[in-house]
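Undergrad:
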Amino acid sequence: MTAKIIDGKAVAAEVRAEVAAVVAQRVEAGKSRPGLATVLVGENPASQVYVRMKQKACAEAGIESFGYNLPEDTSQEDLEKLVRELNADERVNGILVQLPLPKHLDEERVLAAISLDKDVDGFHPVNIGRLAQKGRKPQFIPCTPAGCMLLLRKNLDSLEGVNAVVLGRSNIVGMPVALLLVEANATVTICHSRTKNLPDVVRQADVLVAAVGRPEMVRGDWIKPGAVVIDVGVNRIDDPSAKNGTRLVGDVAYDEAVEVAGAITPVPGGVGPMTIAMLLQNTLKAAELSDKQ
Ligand code: NDP
Numbered sequence: 001m002t003a004k005i006i007d008g009k010a011v012a013a014e015v016r017a018e019v020a021a022v023v024a025q026r027v028e029a030g031k032s033r034p035g036l037a038t039v040l041v042g043e044n045p046a047s048q049v050y051v052r053m054k055q056k057a058c059a060e061a062g063i064e065s066f067g068y069n070l071p072e073d074t075s076q077e078d079l080e081k082l083v084r085e086l087n088a089d090e091r092v093n094g095i096l097v098q099l100p101l102p103k104h105l106d107e108e109r110v111l112a113a114i115s116l117d118k119d120v121d122g123f124h125p126v127n128i129g130r131l132a133q134k135g136r137k138p139q140f141i142p143c144t145p146a147g148c149m150l151l152l153r154k155n156l157d158s159l160e161g162v163n164a165v166v167l168g169r170s171n172i173v174g175m176p177v178a179l180l181l182v183e184a185n186a187t188v189t190i191c192h193s194r195t196k197n198l199p200d201v202v203r204q205a206d207v208l209v210a211a212v213g214r215p216e217m218v219r220g221d222w223i224k225p226g227a228v229v230i231d232v233g234v235n236r237i238d239d240p241s242a243k244n245g246t247r248l249v250g251d252v253a254y255d256e257a258v259e260v261a262g263a264i265t266p267v268p269g270g271v272g273p274m275t276i277a278m279l280l281q282n283t284l285k286a287a288e289l290s291d292k293q
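The sequence shown begins at 1 in UniProt numbering and counts up by one.
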């Protein structure tokens, strides 16, 4: 039996429609229109595409976006000054500093400068710290990990006691996903580049989240029959048969895994669309928080 295909595009569209409806209601009721500031430093083409997609999604949901494009050689001081100005700007509910930053900038200091109430990417060290502490709630949950969790919850009755394996321990995907799975009472194994016998570890997984950035590394015979597979990887590989000579694949060999898994996210169309949907949700939440202040 082939796996159920988890349609991230459809789930993301549902979330975006819900956000748009609530935004319309709040504006109708005379409350402020939520606002998101996007800060892009330099001219990384992938980052430019992501920021444009985020701004377009904001517009569709009725969220105002304020774009700041800074030159590649922006100083740490100037970037932090902008963040402080945005912290104080009442029109701005969420601040998104697009990563990665140019190498001369200290990402950790920039992220820590963002007001906790506007940290819609959820990368402020206090938000991540709260995620790691039992019984504490972060103000915002990082968007891609939150998207993975929503897809899992829609496809599993419960995560309680399931064996979850997370491939990757990055600050933006692997580690926060692992922390969220622990919070959901899964038993979590975190794997990385030094993990031994990786295929054997993955074979124990009832739930597998792959976020390594290695095209099709996870083979079909690594997957436990019936497992739910969330493939976060986005990798461009050569494909002479494709129109532009390349195509996107995940970290999981989809054609093999789909024969074994119980449910699986495709790439593209799985986790990818969820990130922006969760960003809109976080921005709305930030606006709701500001109502109470
Ligand atoms: P990073 O490069 O920051 O982290 C990769 C992780 O994978 C590291 O923890 C690394 O281990 C581990 N790793 C690398 N090679 C291996 C290996 N051979 N075996 C086991 N573990 C390995 O990547 P990100 O977390 O930023 O992104 C991961 C993937 O997800 C990428 O393809 C990225 O494009 C995609 N992505 C998709 C998003 C979306 O869909 N919205 C959003 C963000 C990312 P170690 O720590 O030891 O180096």
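All C-beta atoms in this analysis are idealised placements derived from N, C-alpha and C, irrespective of residue type, glycine included. Everything numeric in this text was worked out from a predicted model, so none of it was measured.
In this structure, how does DSSP classify residue 294 when only helix, strand and coil are distinguished?
TA: Residue 294 is absent from the structure shown; the chain starts at 1 and stops at 293.
Undergrad: Quick one, which of 41, 34, 78, 73 has its alpha-carbon nearest residue 57's?
TA: Counting from 1 along the sequence shown, the entry for residue 57 is found at position 57. For the residues 41, 34, 78, 73, the minimum Cα distance to residue 57 belongs to 34.
Undergrad: Label residue 237 either buried or exposed according to how many other C-beta atoms from any shown protein chain fall within 10 Å of its C-beta, with 16 as the threshold for buried.
TA: On the sequence shown, residue 237 is found 237 positions in, with the first residue counted as 1. Exposed.
Undergrad: Do residue 96 and residue 39 have their C-beta atoms closer together than 9 Å?
TA: Here residue 96 is taken as the residue at index 96 of the sequence shown, counted from 1. Here residue 39 is taken as the residue at index 39 of the sequence shown, counted from 1. In this structure, residue 39 lies closer than 9 Å to residue 96 by Cβ.
Undergrad: Any idea which residues DSSP pairs residue 4 with across the strands?
TA: On the sequence shown, position 4 is the one that residue 4 refers to. Answer by DSSP bridge pairing, in chain order: 263.
Undergrad: Once DSSP output is grouped into helix, strand and coil, what is the label at residue 184?
TA: Translated into positions along the sequence shown, residue 184 becomes position 184. Reduced to three states, the DSSP call for residue 184 is coil.
Undergrad: Taking the straight line between their C-alpha atoms, what separation do you get for residue 106 and residue 76?
TA: Residue numbering aside, residue 106 sits at position 106 when the sequence shown is read from its first letter. Residue numbering aside, residue 76 sits at position 76 when the sequence shown is read from its first letter. Cα to Cα, residue 106 sits roughly 7 Å from residue 76.
Undergrad: With DSSP collapsed to three states, give me the class of residue 234.
TA: The residue given as residue 234 occupies position 234 in the sequence shown. Coil at residue 234, not helix or strand.
Undergrad: Taking only heavy atoms of the ligand NDP into account, decide whether any of them is closer than 8 Å to the Cβ of residue 44.
TA: Within the sequence shown, numbered from 1, the residue matching residue 44 stands at position 44. Incorrect: residue 44 has no Cβ contact closer than 8 Å to the ligand NDP.
Undergrad: Are the beta-carbon atoms belonging to residue 8 and residue 226 less than 9 Å from one another?
TA: Counting from one through the sequence shown, the residue named residue 8 turns up at place 8. Counting from one through the sequence shown, the residue named residue 226 turns up at place 226. For residue 8 and residue 226, no; Cβs fall outside 9 Å.
Undergrad: Does any heavy atom of the ligand NDP sit closer than 8 Å to the C-beta of residue 294?
TA: With the chain covering 1 to 293 only, the question about residue 294 has no answer from this structure.
Undergrad: Can you tell me where the beta strand (DSSP E) holding residue 69 begins and where it ends?
TA: For the purposes of this step, residue 69 is taken as residue 69 along the sequence shown, with counting starting at 1. Run containing residue 69: 64 to 70, per the beta strand (DSSP E) assignment.
Undergrad: Just curious, the beta strand (DSSP E) that residue 35 is in, first and last residue?
TA: As a working note, residue 35 is residue 35 in the sequence shown. Residue 35 -> beta strand (DSSP E) spans 35 to 41.
Undergrad: Within the segment 196 to 251, note down every full alpha helix (DSSP H) run reaching 4 residues or more, in order along the chain.
TA: Here the runs fully enclosed are 198 to 202.
Undergrad: Measure the C-alpha to C-alpha separation of residue 111 and residue 235 and round it to an integer number of angstroms.
TA: Position 111 of the sequence shown, counting from 1, holds the residue named residue 111. Position 235 of the sequence shown, counting from 1, holds the residue named residue 235. Each residue's Cα considered, the two are about 26 Å apart.
Undergrad: Report the option in 73, 51, 81, 60 whose CA atom is closest to the CA atom of residue 67.
TA: Along the sequence shown, one-based indexing puts residue 67 at 67. Minimum Cα distance to residue 67 is reached at 51.
Undergrad: Indicate the three-state DSSP secondary structure (helix, strand or coil) for residue 44 in the structure shown.
TA: The residue labelled residue 44 in the question sits at position 44 within the sequence shown. Correct three-state label for residue 44: coil.
Undergrad: Can you list, in chain order, the residues of its chain whose CB lies under 6 Å from that of residue 141, leaving out five sequence neighbours each side?
TA: Within the sequence shown, residue 141 is the residue found at index 141, counting from 1. Closer than 6 Å at the Cβ level, and outside the excluded window around residue 141, lie 122.
Undergrad: Could you tell me the boundaries of the alpha helix (DSSP H) in which residue 129 lies?
TA: In the sequence shown, residue 129 corresponds to position 129, counting from 1. Segment 125 to 132, the alpha helix (DSSP H) holding residue 129.
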